[in-house]
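Trainee: Residue numbers (this note's numbering): 131 to 648.
All C-beta atoms, glycine included, are put in the ideal place defined by N, C-alpha and C.
Everything numeric in this text was worked out from a predicted model, so none of it was measured.
#1: Which runs of the alpha helix (DSSP H), 4 residues or longer, sit entirely within the stretch 436-486?
#2: Tell me whether residue 131 is buried or exposed, calling it buried when 16 or more other Cβ atoms sit within 10 Å of its Cβ.
#3: To the nearest angstrom, report how far apart residue 622 and residue 401 are at their CA atoms.
#4: Is residue 727 helix, strand or coil when you go by DSSP?
#5: Return helix, strand or coil for residue 595, following the three-state DSSP convention.
#6: Could you give the distance in angstroms between the alpha-carbon of residue 254 and the alpha-carbon of residue 260?
#7: Quick check on the burial criterion: 16 or more other C-beta atoms within 10 angstroms. Buried or exposed for residue 614?
#8: Using 8 angstroms as the cut-off, can you tell me whether the stretch 339-350 makes contact with the stretch 576-586, which would need three or more C-beta pairs spanning the two stretches below that distance?
#9: May I ask you to verify whether the stretch 328-338 touches the stretch 465-472, counting CB pairs closer than 8 angstroms and requiring at least 3?
#10: Using a Cβ-Cβ cutoff of less than 8 angstroms, which residues in the same chain neighbour residue 601 once the five nearest sequence positions on both sides are dropped?
#11: Kindly indicate the opening and closing residues of the alpha helix (DSSP H) around residue 523.
#12: Helix, strand or coil, according to DSSP, for residue 637 in the structure here?
#13: In three-state DSSP terms, what is residue 574?
#14: Is the stretch 276-293 touching the stretch 361-378 in the sense that three or more CB pairs, one from each, lie closer than 8 angstroms?
#15: Output needed for residue 315: all residues of its chain with C-beta closer than 8 angstroms, excluding positions within five of it in sequence on either side, in chain order.
#16: Are the CB atoms of residue 444 and residue 642 nearer to each other than 9 angstroms?
#17: Under three-state DSSP, which class holds residue 360?
#18: Can you tell me which of the three DSSP states residue 613 falls into?
#19: Judging by CA-CA distance, which residue of 247, 240, 632 is the nearest neighbour of residue 455?
#20: Anyone know if the C-beta pair for residue 550 and residue 480 falls short of 9 angstroms?
#21: From which residue to which residue does the alpha helix (DSSP H) around residue 580 run?
#22: DSSP state of residue 316, grouped into three classes?
#23: Roughly how many angstroms lie between the CA atoms of residue 349 and residue 310, to the nearest whole one?
#24: What's the call for residue 415, buried or exposed, on a 16-neighbour Cβ count within 10 Å?
#25: Does the contact criterion of 3 or more C-beta pairs under 8 angstroms hold for the stretch 235-249 versus the stretch 371-381?
#26: Between residue 242 and the rest of its own chain, which residues show a CB-CB distance below 6 angstroms, the 5 nearest in sequence each way excluded?
#27: If you compare alpha carbons, which of 453, 565, 505, 494 is closest to residue 555?
#28: Can you tell which of 296, 590, 283, 597 has the C-alpha that lies nearest to the C-alpha of residue 452?
#29: Go ahead and pull the three-state DSSP assignment for residue 550.
#30: How many angstroms separate the CA atom of residue 238 from the CA atom of residue 609?
#31: Which word fits residue 612, buried or exposed, when buried means at least 16 other C-beta atoms lie within 10 angstroms of its C-beta?
#32: Looking only at C-alpha atoms, which of 596, 574, 478 sits nearest to residue 335?
#33: Assuming residue 235 and residue 361 make a contact with CB atoms under 8 angstroms, what is their CB distance in whole Å?
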């Protein structure tokens, strides 16, 4: 049903009751009061001045000026559909699926902006004369910001909602990514830009966890987590696939410009999707005015109060929380080091050029996409059949740790294996590590939906340390020993094995009443 909205700024807008978020300005006047439509649905405007309300006749707006005469209601509806992206399948989706879909897309862009440097670092090192230690420092700087933003991201997601935090995070990391080429020749500026990328991406896991915990039921949770965080694998594939041809044809700077603009486009699209303009009335205007006039001191007091309400002591007295913390650290050590160094490993060990090394590096995340969906289906089916949730999480996480440990052990031994067999073995092991999305990454929501984002912020903060220490340490050990087995594989194997033991002994998915313990 069509309706008319009168805005306080003396502008007339046409809207549709089924789409309250659409308010398209057709004409602006000094005292516009109403639209009148003829029987054949031709749009006509009658302007009634507040000083001439008793006038006998109003004038029709000239067609040459407004071109509204030929615009029928059906055409208006068509324009609204075109601009709103009101695609019927998307329109009929439940709201929780829309949120999960857009969040997964954000994670695709997230890892595209994360892996672009692992490819661009090769020509950048040649251009600026960096050795492996310097390259490791540049790549690890991302994780400085990533670690710093974990706890604030979890707290802000709980306070304001995961959606709002995610949107801000995407904007920060996208703008910082686009600025990398301008700062590449100045090391402090380059490190700062990568720190900002890390800060923006660091709030995203907690924001997504908050969304899932609040909107997705338990029996769908494994699939939701797998779909959202599986976007990271898709992003790795797309980033590794697109970066080489962009670098070879347009220069290494192009990957940062283009990938950064993709994130900015997502940000703008998400704003439009969420509703664009909202209809104003006197009550909403007063509410907005009250919000804007609220004192900064009062706002900080409220934030401080909500921070104190978090049961920090109860978190760190819980053995299952410590199991999650250590498991996250162990998984991140292998994941971040492989994500950062595998392209260089394949290039040096297999003597591949930039494009070939990138293509080979695509294989692990590409295989992870399929493993993720299988693991999620398996986990949800086991839970729906009555298998204890803790048992399911332990099985999945054990597979995620033991598989890459075994494959890395085989790859690091001098067994005379052809290089391409080593590629296949590593691909299989790293792909199976995606079982963690149905193990560790679901446990935060299982234990406490209320504090899931903060719990993930805690574990992800510790999980970011391998990105800071491990990535740089790998480069240093590589310069020192010239051995990939010692610098890359041996530390990862150690943490995978010890993480498995700790997880099996102490992990639990039983709901926890942290507030009562505090």
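Mentor: Reading off the structure:
#1: As for any alpha helix (DSSP H) of minimum length 4 sitting wholly inside the stretch 436-486, the runs are 442-446, 449-480, ordered along the chain.
#2: Position 1 of the chain shown, counted from the start, is the residue given in the question as residue 131. Any reading at residue 131 must be qualified, since the residue scores a pLDDT of 45, below 50, and its modelled position is unreliable; the value itself is stated next. Per the 10 Å Cβ criterion, exposed.
#3: What you label residue 622 is simply residue 492 of the chain shown in a count that begins at 1. What you label residue 401 is simply residue 271 of the chain shown in a count that begins at 1. If I take the Cα positions, the gap works out to 41 angstroms.
#4: Residue numbering for the chain in the displayed model covers 131 to 648; residue 727 lies beyond these limits and cannot be assessed.
#5: As a first step, residue 595 is located in the chain shown; it is residue number 465 there, counting from the start. Correct three-state label for residue 595: helix.
#6: Position 124 of the chain shown, counting from 1, holds the residue named residue 254. Position 130 of the chain shown, counting from 1, holds the residue named residue 260. The alpha-carbon atoms of residue 254 and residue 260 are separated by roughly 8 angstroms.
#7: Along the chain shown, read from residue 1 onward, the residue named residue 614 stands at position 484. Result: buried.
#8: yes
#9: no
#10: Counting from 1 along the chain shown, the entry for residue 601 is found at position 471. 266, 269, 270, 273, 466, 467, 470, 471, listed in sequence order.
#11: Residue numbering aside, residue 523 sits at position 393 when the chain shown is read from its first letter. Segment 519-542, the alpha helix (DSSP H) holding residue 523.
#12: As a working mapping, residue 637 is identified with position 507 in the chain shown. Reduced to three states, the DSSP call for residue 637 is coil.
#13: For the purposes of this step, residue 574 is taken as the residue at position 444 of the chain shown. Looking at residue 574 - three-state DSSP - the assignment turns out to be helix.
#14: no
#15: Mapped onto the chain shown, residue 315 falls at position 185. Closer than 8 angstroms at the Cβ level, and outside the excluded window around residue 315, lie 258.
#16: One-based indexing of the chain shown puts residue 444 at position 314. One-based indexing of the chain shown puts residue 642 at position 512. Yes.
#17: In the chain shown, the residue the question calls residue 360 occupies position 230. Residue state, collapsed to three classes: helix.
#18: For this step, residue 613 is matched to residue 483 along the chain shown. Here residue 613 sits in coil by DSSP.
#19: Position 325 of the chain shown, counted from the start, is the residue given in the question as residue 455. It is 632 whose Cα lies nearest to the Cα of residue 455.
#20: By one-based count along the chain shown, residue 550 stands at place 420. By one-based count along the chain shown, residue 480 stands at place 350. Yes.
#21: Reading the chain shown from its first residue, position 450 is the one you call residue 580. Membership of residue 580 in any alpha helix (DSSP H) is not indicated, and neither H nor E is assigned to it by DSSP.
#22: Taking the first residue of the chain shown as position 1, residue 316 is located at position 186. The answer is coil: DSSP assigns residue 316 none of H, G, I, E or B.
#23: In the chain shown, the residue the question calls residue 349 occupies position 219. In the chain shown, the residue the question calls residue 310 occupies position 180. Near 42 angstroms, if we compare the C-alpha coordinates of residue 310 and residue 349.
#24: Sequence index remark: in the chain shown, residue 415 carries index 285 (1-based). Note on residue 415: pLDDT 36, under 50, position unreliable in the model; no value is reported.
#25: yes
#26: The residue given as residue 242 occupies position 112 in the chain shown. Cβ neighbours of residue 242 beyond the five flanking positions: 365, 368, 369, 389.
#27: Counting from one through the chain shown, the residue named residue 555 turns up at place 425. Residue 494 is the option with its Cα nearest to residue 555.
#28: What you label residue 452 is simply residue 322 of the chain shown in a count that begins at 1. It is 590.
#29: Here residue 550 refers to the residue found at position 420 of the chain shown. In the structure shown, residue 550 sits in a helix (DSSP, three-state: H, G or I).
#30: Working through the chain shown from its first residue, we reach residue 238 at position 108. Working through the chain shown from its first residue, we reach residue 609 at position 479. Approximately 33 angstroms between the Cα atoms of the pair.
#31: Start at 1 with the first residue of the chain shown, and residue 612 comes out as number 482. With fewer than 16 Cβ atoms within 10 Å of its Cβ, residue 612 is classed as exposed.
#32: Stepping through the chain shown from its first residue, residue 335 is reached at position 205. Ranking 596, 574, 478 by Cα distance to residue 335 puts 574 first.
#33: Position 105 of the chain shown holds residue 235. Position 231 of the chain shown holds residue 361. Correct: roughly 7 angstroms between the Cβ atoms.
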